[in-house]
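See below for the structure under consideration.
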Amino acid sequence: TSEAMLKLDIQKPKKAVSWSVSLIASKATALN
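Residue numbers (my numbering): 6 to 37.
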């Protein structure tokens, strides 16, 4: 179970980063 929790903890930041990157990208395209 700890291994599965570790995998979830690794996946969460990746999703947050990809979400923030897409958010910044959408803002950049809106400015252009």
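The beta-carbon is built from N, C-alpha and C at its ideal position, and this holds for glycine as well. Quick caveat, the model's predicted, so the values are computed rather than measured.
Using only the alpha-carbon positions, how far apart do residue i and residue j sit?
| i | j | result |
| --- | --- | --- |
| Leu-11 | Thr-34 | 35 Å |
| Glu-8 | Lys-19 | 17 Å |
| Ser-25 | Thr-6 | 29 Å |
| Ala-30 | Lys-17 | 20 Å |
| Asp-14 | Val-22 | 13 Å |
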